[in-house]
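**Q** Below is the structure I would like to discuss, written out as structure tokens.
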Amino acid sequence: MSNSSQSLLFSPLKLRGLTIRNRICISPMCTYGGHGGMANDWHLVHLGQYALGGAGIVFIEASAVEERGRITYGDAGIWSDEHIEPMARVTKFLKQFGATPAMQLAHAGRKSSTQRPWHGMGILSDADTKARNEAPWETVSSTPELMDENWHVPHALTVDDLNEVKEAWRAAAERTLNAGFEIIEVHCAHGYLMHQFLSPLINKRTDQYGGDFAGRTRFPLEVIEVVREVWPDDLPVFVRISSVDGMEEGWNLDDSVAFAKELKSRGVDVVDCSSGGVVGSATARAVPRHLGFQVPFSERIRRDADVQTMAVGLIVDGPQAEQILQDGHADIIAVAREALYDPYWAHHAERALNPDLMSYDNWPMEYRWWLEKREGLVRKLRAEAEVSVKKSA
Ligand SMILES: Cc1cc2nc3c(=O)[nH]c(=O)nc-3n(C[C@H](O)[C@H](O)[C@H](O)COP(=O)(O)O)c2cc1C
2 MSNSSQSLLF
12 SPLKLRGLTI
22 RNRICISPMC
32 TYGGHGGMAN
42 DWHLVHLGQY
52 ALGGAGIVFI
62 EASAVEERGR
72 ITYGDAGIWS
82 DEHIEPMARV
92 TKFLKQFGAT
102 PAMQLAHAGR
112 KSSTQRPWHG
122 MGILSDADTK
132 ARNEAPWETV
142 SSTPELMDEN
152 WHVPHALTVD
162 DLNEVKEAWR
172 AAAERTLNAG
182 FEIIEVHCAH
192 GYLMHQFLSP
202 LINKRTDQYG
212 GDFAGRTRFP
222 LEVIEVVREV
232 WPDDLPVFVR
242 ISSVDGMEEG
252 WNLDDSVAFA
262 KELKSRGVDV
272 VDCSSGGVVG
282 SATARAVPRH
292 LGFQVPFSER
302 IRRDADVQTM
312 AVGLIVDGPQ
322 AEQILQDGHA
332 DIIAVAREAL
342 YDPYWAHHAE
352 RALNPDLMSY
362 DNWPMEYRWW
372 LEKREGLVRK
382 LRAEAEVSVK
392 KSA
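The sequence shown begins at 2 in our numbering and counts up one residue at a time.
Below you can see the structure in the form of structure tokens.
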């Protein structure tokens, strides 16, 4: 596959009533640049550059459905109507430049009340109150198990609490729609609240929300049902899972296949296949790293649950991404760190798939004319330089 015009990566993807311009997705990335959960100029420019950069789907970072579900004070959130307007400013810009805006709804559970990475990434303590007026708050989870030594002891959510949390997800999904997002994702991965129910390493409940697979998946599935209820039929729902815990006795790939079947039967359109996070950060190494290290999870879930999947994790260039799609191992390719490094990753992937491409049709109109002139000139000057080297040899 060398021609981007024939590539799968650059073919539009239809999901329910939505047509996405290509198969490249900017994965959700917390940037801790907010205040009070509000999207601001940072989010507009940071996310806006990915729309200019050609991605099909642009995810805003994990956004908290409840104030206490934030990871840090800098997280984005959508726990009140005040959050809608600033987010709508971002979605409007993304759509104007051809990208599909996507929201990742999240609740961090026992992983809440922590410092931003550059303040140490540990739990908040009195020192943070003194330094930045950022006091710790009470965290919640499936059970009062500690996340790690010396972490906050979470409050185990009662059945009444769970009903309230579910309503917070419903209200957040409604606000997400009002803010102009076209894809909604329920974050069930990386050791956050939903994963704290799914994983047998964390969930030690003895009521109907714990125990066997049916008990541990009950609460996440109830949340997904309320989200699907308020999300329009013509728009897709994604669910991000940790395909494996990567630890003995943990959630495994067979569990993920079984869960994906349950998701599909509840109207989930895409399973976003990540991994790990039960203990430590989302990027902690529970699974050995190699290029495309999570693609085998996506491949197996796609095949055995017969559901569309998104592959993510060390997918670094256009040819690698194209190959994953050609092999039938995923339907969408998500990139995170590569996009931080190169916000124009999608445009550069297109050129890597087709080195002869002269046109800049997929680039912003405002750049196109100049870049096409530049392309012609650089090629001409390179050819002339080659001729003169040959002559003088
Ligand atoms: C700065 C940063 C923030 C992240 N925040 C989130 C997040 O909000 N939600 C999430 O599901 N994953 C988050 N992740 C994980 C990424 O979405 C992605 O799954 C992971 O980085 C692997 O992809 P990559 O190899 O392309 O970076 C984050 C990763 C990075 C680097």
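All residues carry an ideal CB built from backbone N, CA and C; glycine is no exception. Here the structure is a predicted model, which means the values were calculated and not measured.
Work out the CA separation of N41 and A180 for me, nearest whole Å.
**A** Distance between the alpha carbons of A180 and N41 is about 14 angstroms.
**Q** Quick one, what's near ligand 3 if you take every residue whose CB is closer than 7 angstroms to any heavy atom, in chain order?
**A** Absence of ligand 3 from the depicted structure is noted, with ligand 1 being the only ligands included.
**Q** I'd like the list of long-range same chain contacts for L292, defined as Cβ closer than 7 angstroms, with 5 residues on each side in sequence excluded.
**A** L315, V317, Q321, listed in sequence order.
**Q** Starting from the C-beta of L45, find all residues in its chain whose C-beta is less than 8 angstroms away, skip the five residues before and the five after it, and write them out in chain order.
**A** Around L45: R90, V91, F94.
**Q** With a threshold of 7 angstroms between beta-carbons, can W80 be considered close to chain C, or not?
**A** Absent from the structure is chain C; it holds one protein chain and no more.
**Q** In three-state terms, what does DSSP make of L16?
**A** Strand at L16.
**Q** How about the segment 58 to 67 and the segment 31 to 39: do they share at least three Cβ pairs that are nearer than 8 angstroms?
**A** Taking 8 angstroms as the limit for Cβ pairs, the verdict is that the segment 31 to 39 does touch the segment 58 to 67.
**Q** Can you tell which of P356, Y345, V388 has its C-alpha closest to the C-alpha of Y368?
**A** Checked all of P356, Y345, V388; the closest Cα to Y368 is Y345.
**Q** So, with DSSP's three-state summary, where would you put Q327?
**A** Residue state, collapsed to three classes: helix.
**Q** Could you compute how far the alpha carbon of A335 sits from the alpha carbon of Y342?
**A** Straight-line Cα distance between these residues: approximately 14 angstroms.
**Q** On the CB-based measure, 16 or more other CB atoms within 10 Å of its CB, does W170 come out buried or exposed?
**A** Its Cβ being crowded by 16 or more others within 10 Å, W170 is buried.
**Q** Checking the sheet assignment: what are the DSSP bridge partners for R171?
**A** Note: R171 sits in no beta bridge, so no partner.
**Q** For S244, does the count of other Cβ atoms within 10 angstroms reach 16, so buried, or fall short, so exposed?
**A** So S244 ends up on the buried side.
**Q** Using the Cα positions of D332 and F198, report the straight-line distance between them to the nearest angstrom.
**A** D332 and F198: Cα-Cα distance of roughly 27 angstroms.
**Q** Do the segment 97 to 107 and the segment 136 to 152 touch if we need at least three Cβ pairs shorter than 8 angstroms?
**A** No: the two stretches stay apart, fewer than three of their Cβ pairs being nearer than 8 angstroms.
**Q** Measure the C-alpha to C-alpha separation of E175 and G78 and round it to an integer number of angstroms.
**A** Approximately 13 angstroms between the Cα atoms of the pair.
**Q** Alpha carbon to alpha carbon, how far is L14 from H349? Give it in angstroms, no decimals.
**A** The straight-line gap from Cα to Cα measures roughly 20 angstroms.
**Q** Where does F239 fall in DSSP's three states?
**A** Note: F239 maps to strand in three-state DSSP.
**Q** Identify whether Q209 lies in helix, strand or coil by the three-state DSSP scheme.
**A** Here Q209 sits in coil by DSSP.
**Q** Mapping the DSSP letters down to three states, classify T177 as helix, strand or coil.
**A** The answer is helix: DSSP assigns T177 an H, G or I state.
**Q** Compute the Euclidean distance between the alpha carbons of S393 and A353, then round it to the nearest angstrom.
**A** Taking the straight line joining both Cα atoms gives about 31 angstroms.
**Q** Where does S3 fall in DSSP's three states?
**A** Note on S3: pLDDT 42, under 50, position unreliable in the model; the coordinate value appears next. In this structure, S3 counts as coil in the three-state DSSP scheme.
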